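In the numbering used here, the protein residues as written are 277 to 615. Each residue gets a CB set at the ideal place from its N, CA and C atoms; glycine is no exception. Note that this is a predicted model, so its numbers are computed, not measured. Notes to accompany the following structure.
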């Protein structure tokens with residue numbers, strides 16, 4: 277697919293990237309705590325890994341009472357072991373925990389939510405032992421409830437407490453044989469085999485198809501032989517919120533102007549009488565065929581990839597130094613004028 281095709285794309289043409297609604301077999305390759313783990317699975321015939329948060333589970337932090345015990349219980353059931361046989365009198369150290377996960381070849385069934393709902397960018401997930409099996413989320417919640425009850429019963433008796441604590445559907449229309457082959461390989465994976473999913477390090481021409489406010493926009497670019505769309509947060513500055521009138525709307529309009537290839541500067545973007553309506557702003561982006569150059573960083577709050585945008589690529593063919601100012605820097609200067 278060419279850059280000319282990318283120029284004609286609008287936000288209606290490409291869905292924003294999300295795992296929401298995806299249901300598939302996964303391997304739990306790492307467990308951070310009692311409600312947070314890393315899952316490896318196949319998506320579009322590629323192995324991917326995401327850090328996920330179990331929905332409707334509120335596990336104690338690792339440095340809190342029972343934190344490590346709940347973590348171990350989650351790992352135990354994700355490895356396919358009987359929850360009733362879990363030994364709550366012994367805590368695994370991190371090395372032992374990881375070795376157990378690495379050796380396990382058990383797969384569980386996952387239904388994913390939308391990672392934009394989580395401040396830390398983790399993907400909400402509901403885990404089951406099989407598509408029609410028992411809910412792992414409920415097992416963990418019930419285990420936590422039992423621990424809370426025990427702690428209340430033995431409050432003040434630290435010895436007793438210590439002893440007691442002791443789509444998007446996956447559209448890979450593979451044959452049954454190929455699915456079986458993938459699952460057999462998936463079972464043997466460890467957390468070291470697959471890097472956690474990230475856009476960090478990717479550089480690409482992109483089209484900005486939606487602008488939410490002065491530092492948040494949707495971009496579309498070509499990745500793994502397909503157009504993908506992400507909601508991104510521009511790095512290096514904080515624009516005023518939209519309800520901070522009129523500064524929020526002025527910053528939003530100026531970002532759209534720059535991403536559409538407009539010249540920096542322009543006093544009209546400081547004029548409250550020339551603020552665009554949402555419809556006019558979106559029409560500008562839809563009719564625009566300008567591309568900007570993006571360098572992606574880590575995930576920021578709510579799972580939004582951090583990005584630096586340029587009207588032209590930041591490095592010349594013959595020089596290693598930056599040769600153009602980023603849109604981020606232009607926006608930072610503009611926001612300072614609004615203050």
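In three-state DSSP terms, what is residue 432?
Its pLDDT being 43, under 50, residue 432 is placed unreliably by the model, and the measurement read from it follows with that caveat. In this structure, residue 432 counts as coil in the three-state DSSP scheme.
Between the CA atoms of residue 532 and residue 299 - distance to the nearest angstrom:
36 angstroms
Pick out whichever of 554, 555, 403 and 529 has its Cα sitting closest to the Cα of residue 543.
Considering only alpha carbons, the answer is 529.
Out of 494, 380 and 402, which has the shortest C-alpha to C-alpha gap to residue 464?
380
Three or more C-beta pairs closer than 8 angstroms, one from the stretch 324 to 333 and one from the stretch 304 to 315: is that the case here?
yes
Considering only C-alpha positions, which residue in the set 290, 478, 405 and 283 is nearest to residue 504?
290
Pairwise C-alpha distance: residue 378 and residue 414:
24 angstroms
Would you mind reading off the limits of the alpha helix (DSSP H) that contains residue 559?
Residues 554 to 563.
What distance in whole Å lies between the Cβ atoms of residue 348 and residue 373, which are believed to be in contact at a cut-off of 8 angstroms?
For a cut-off of 8 angstroms, the C-beta gap from residue 373 to residue 348 is around 7 angstroms, short enough to register as a contact.
For residue 473, which three-state DSSP category applies?
coil
Could you check what DSSP says for residue 441 in three-state terms: helix, strand or coil?
Note that residue 441 scores a pLDDT of 38, beneath 50, so its modelled location is shaky and nothing firm can be said.
Is the Cβ-Cβ distance between residue 507 and residue 392 less than 8 angstroms?
Contact: yes.
Proximal residues to residue 606 (C-beta, below 7 angstroms), its chain only, five neighbours per side dropped
534 and 540
Please report the distance separating the alpha-carbon of residue 418 from that of residue 309.
16 angstroms
Kindly confirm or deny that the stretch 476 to 489 and the stretch 546 to 555 touch, where touching means at least three C-beta pairs closer than 8 angstroms.
no
Which class does residue 573 belong to by DSSP, given the choice of helix, strand or coil?
In the structure shown, residue 573 adopts extended strand secondary structure according to DSSP, grouped into three states.
Kindly identify the DSSP beta-bridge partner or partners of residue 486.
494
Excluding sequence positions up to five away, which residues of its chain have a Cβ less than 8 angstroms from the Cβ of residue 522?
548 and 551
Can you tell which of 304, 494 and 407 has its C-alpha closest to the C-alpha of residue 558?
494
Terminal residues of the alpha helix (DSSP H) in which residue 353 lies
343 to 354
Determine the direct distance from the alpha carbon of residue 343 to that of residue 367, and round the result to whole angstroms.
10 angstroms
Could you give the distance in angstroms between the alpha-carbon of residue 569 and the alpha-carbon of residue 537?
11 angstroms
Leaving aside the five residues before and after residue 412 along the sequence, list all residues of the same chain whose C-beta is less than 7 angstroms from its C-beta, in chain order.
353, 354, 384, 403, 404 and 405
Leaving out the 5 sequence neighbours to the left and right, which residues in its chain are closer than 8 angstroms to residue 600 when beta-carbon positions are compared?
Hits under 8 angstroms: 586, 587, 588, 589 and 590.
Output the residue ranges of the alpha helix (DSSP H) runs that lie fully inside the stretch 289 to 372 and measure 4 residues or longer, sorted by chain position.
343 to 354
Looking only at its chain, what residues have a beta carbon closer than 6 angstroms to the beta carbon of residue 382, apart from the 5 residues adjacent to it on each side?
355 and 356
How should residue 609 be labelled, buried or exposed, when 16 other C-beta atoms within 10 angstroms of its C-beta is the threshold for buried?
exposed
For residue 505, three-class secondary structure by DSSP
Residue state, collapsed to three classes: strand.
Supposed close pair residue 399, residue 295 - CB separation, criterion 8 angstroms
5 angstroms
Just reading off the alpha helix (DSSP H) that residue 532 is part of, what are its end residues?
523 to 535
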